[in-house]
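**Student:** Before I ask anything, here is the structure I am working with.
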């Protein structure tokens, strides 16, 4: 059975790829599940369309792209990565001399290893990414890279697996969790940090359809395939045969506000000003991220 039977706007008979509910609400390029509440890029892309094609983009261009991203995001990344790490390992001094095996899944350019090794210098930080060329030279010495094509057969077991801003990018989140769960060492834990919907989504949808479309443009795309709710997140963890050990909702951003507003296509001076004010006060106004620690049952 096809998972999408219509792309016309409004309610359609389609299947939520996360929970299996058979009614979706389509707006623009998104579908909101009326069961679990997840906001999905729609129609769903094929897995093959998400693969990296190095014939279209040179290795040099890929490296330049990641280096440019870190120029914009490295400061906030460092703060966010430190919080993620301490959420997962709140007392790093207890493991300071231990050779923990840590996996940065979907680790991109490799900055996370810098944070890990600053607190756990004896740890082995492995990295895998769908794009093998994303790991930049400046961070490569801190990482032990596993090539994407070799990852499934690699027999390394990890004490901790981190998915830092990754879970929104994967086309089949349940399969990813199942595949990663077999990579956990006994007593191992998996950390996930991923975007969630908050009050701004339903409010804009109700009061300003045009601005809501801009919000969707900036937050849901072929690169960001799902924006979670707590219900949808807990469902997918349960379906993967895992359980939540720790859960938190928080305010977290990777880039400065003008970049988000630019990606939404916002040009109005008033809306730009309001967007900047919202960003400055986001810790009080918006819990836009989920952080969770997951273990085997």
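Numbering (my numbering), first residue to last: 59 to 355.
Glycine residues also receive a C-beta, built at the ideal position from the N, C-alpha and C atoms.
1) Out of 311, 242, 175 and 205, point me to the one whose CA is closest to residue 153's CA.
2) Just grab the DSSP bridge partners of residue 248 for me.
3) Report all residues from its chain with a CB closer than 8 Å to the CB of residue 58; omit the five preceding and five following residues, and keep chain order.
4) Straight-line CA distance for residue 158 to residue 350?
5) Closest to residue 256 by C-alpha separation, out of 92, 97 and 147, would be which residue?
6) Can you check whether the C-beta of residue 203 is within less than 8 Å of a C-beta belonging to chain D?
7) Tell me the start and end of each unbroken alpha helix (DSSP H) in the segment 175-214 that is at least 4 residues and wholly inside, in chain order.
8) Mind checking which residues open and close the beta strand (DSSP E) that includes residue 85?
9) What span of residues does the beta strand (DSSP E) with residue 76 cover, start to end?
10) Can you give me the start and stop residues for the alpha helix (DSSP H) that residue 305 sits inside?
11) Would you decide whether residue 60 is buried or exposed? Buried here means 16 or more other CB atoms lie within 10 Å of its CB.
12) Let me confirm a value: residue 231 is counted as buried when at least 16 other C-beta atoms fall within 10 Å, else exposed. Which label applies?
13) Do you know offhand how far residue 228's Cα is from residue 234's?
14) Pairs of beta-carbons, one from the segment 74-93 and one from the segment 287-305, closer than 8 Å: are there three or more?
15) Closer than 7 Å by C-beta to residue 209: which residues in its own chain qualify, once you throw out the five before and the five after it? Chain order, please.
16) Quick check: residue 84 and residue 100, are their CB atoms within less than 8 Å of each other?
17) Please name the residue, chosen from 299, 199 and 355, that lies closest to residue 172 on a Cα-to-Cα basis.
18) Please state if the CB of residue 221 and the CB of residue 163 are separated by a distance shorter than 8 Å.
19) Residue 130: buried (16+ other C-beta within 10 angstroms of its C-beta) or exposed?
20) Quick one: is residue 167 buried, meaning 16 or more other Cβ sit within 10 Å of its Cβ, or exposed?
21) Here's the rule: buried if 16 or more other CB atoms are within 10 angstroms of the residue's CB, otherwise exposed. What is residue 82?
22) Can you give the beta carbon distance from residue 248 to residue 120, rounded, assuming they're within the 8 Å contact cut?
23) In angstroms, rounded to a whole number, what distance separates the CA positions of residue 345 and residue 144?
24) Verify whether the separation of the beta carbon atoms of residue 169 and residue 139 is less than 8 Å.
25) In its own chain, which residues sit with a C-beta less than 7 Å from the C-beta of residue 225, not counting the 5 before and 5 after it?
26) For residue 134, which option in 69, 311, 318 and 326 has the closest C-alpha, if you only look at C-alpha atoms?
27) Between residue 62 and the rest of its own chain, which residues show a CB-CB distance below 7 Å, the 5 nearest in sequence each way excluded?
28) To the nearest angstrom, how far is the alpha carbon of residue 183 from that of residue 269?
29) Rank 326, 86, 254 and 68 by C-alpha distance to the C-alpha of residue 271 and give the top, closest one.
30) When you compare only the Cα positions, how much space is there between residue 314 and residue 331?
31) Could you say which of 334, 300 and 70 lies nearest to residue 90 if we only look at CA atoms?
**Tutor:** Per the coordinate set shown:
1) Counted from its first residue, the chain shown places residue 153 at position 95. Closest by alpha carbon: 175.
2) The residue labelled residue 248 in the question sits at position 190 within the chain shown. 219 and 352.
3) Absent from the structure is residue 58, since the part of the chain shown begins at 59 and ends at 355.
4) Counting from 1 along the chain shown, the entry for residue 158 is found at position 100. Counting from 1 along the chain shown, the entry for residue 350 is found at position 292. Taking the straight line from one Cα to the other gives about 20 Å.
5) Residue 256 sits at position 198 when you count from the first residue of the chain shown. The option with the nearest alpha carbon to residue 256 is 97.
6) Of the protein chains in the structure, only one exists, and it is not chain D.
7) 195-198 and 206-209
8) Walking along the chain shown from the start, residue 85 turns up at place 27. Note, residue 85: beta strand (DSSP E), 82-85.
9) As a first step, residue 76 is located in the chain shown; it is residue number 18 there, counting from the start. Counting along the chain, residue 76 falls outside any beta strand (DSSP E), and DSSP gives it neither H nor E.
10) Your numbering for residue 305 matches position 247 in the chain shown. Looking at the DSSP string, residue 305 is not in any alpha helix (DSSP H); the run it does join, the beta strand (DSSP E), is 300-308.
11) Translated into the one-based positions of the chain shown, residue 60 becomes position 2. Low local confidence applies: a pLDDT of 40 at residue 60 is under 50, so the model's placement there is unreliable, and no value is given.
12) The residue labelled residue 231 in the question sits at position 173 within the chain shown. Residue 231 comes out buried.
13) Sequence index remark: in the chain shown, residue 228 carries index 170 (1-based). Sequence index remark: in the chain shown, residue 234 carries index 176 (1-based). C-alpha separation (whole angstroms): 8 Å.
14) yes
15) Walking along the chain shown from the start, residue 209 turns up at place 151. 186.
16) For the purposes of this step, residue 84 is identified with residue 26 of the chain shown, where counting begins at 1. For the purposes of this step, residue 100 is identified with residue 42 of the chain shown, where counting begins at 1. Going by C-beta atoms, residue 84 is nearer than 8 Å to residue 100.
17) Here residue 172 refers to the residue found at position 114 when the chain shown is read from its first residue. Checking every option, the nearest Cα to that of residue 172 belongs to 199.
18) For this step, residue 163 is matched to residue 105 along the chain shown. For this step, residue 221 is matched to residue 163 along the chain shown. Yes, the Cβ-Cβ distance between residue 163 and residue 221 is below 8 Å.
19) Locating residue 130 in the chain shown gives position 72, counting from the first residue. The residue is exposed, with fewer than 16 neighbouring Cβ atoms inside 10 Å.
20) To locate residue 167, count along the chain shown from 1; it is residue 109. With 16 or more other Cβ atoms within 10 Å, it is buried.
21) Taking the first residue of the chain shown as position 1, residue 82 is located at position 24. The residue in question, residue 82, is buried, as its Cβ has 16 or more Cβ neighbours within 10 Å.
22) Position 190 of the chain shown holds residue 248. Position 62 of the chain shown holds residue 120. Contact flag wrong, Cβ pair sits at about 27 Å.
23) What you label residue 345 is simply residue 287 of the chain shown in a count that begins at 1. What you label residue 144 is simply residue 86 of the chain shown in a count that begins at 1. Approximately 19 Å, taken between the alpha carbons.
24) Looking up residue 169 in the chain shown gives position 111. Looking up residue 139 in the chain shown gives position 81. Cβ distance < 8 Å, so residue 169 and residue 139 count as in contact.
25) Position 167 of the chain shown holds residue 225. Within the same chain, residue 225 has close Cβ partners 231, 250 and 252.
26) As a working mapping, residue 134 is identified with position 76 in the chain shown. It is 311.
27) If you number the chain shown from 1, residue 62 lands on position 4. Below a pLDDT of 50, predicted positions are generally treated as unreliable, and residue 62, at 45, falls in that range; the measurement from the model is reported next regardless. The residues are 72, 100, 101 and 102.
28) Position 125 of the chain shown, counted from the first residue, corresponds to residue 183. Position 211 of the chain shown, counted from the first residue, corresponds to residue 269. Going from the Cα of residue 183 to the Cα of residue 269 covers about 42 Å.
29) Here residue 271 refers to the residue found at position 213 of the chain shown. If we check each option's Cα against that of residue 271, 86 comes out closest.
30) Along the chain shown, one-based indexing puts residue 314 at 256. Along the chain shown, one-based indexing puts residue 331 at 273. One C-alpha to the other measures close to 13 Å.
31) Counting from one through the chain shown, the residue named residue 90 turns up at place 32. Taking only the C-alpha atoms, the option nearest residue 90 is 70.
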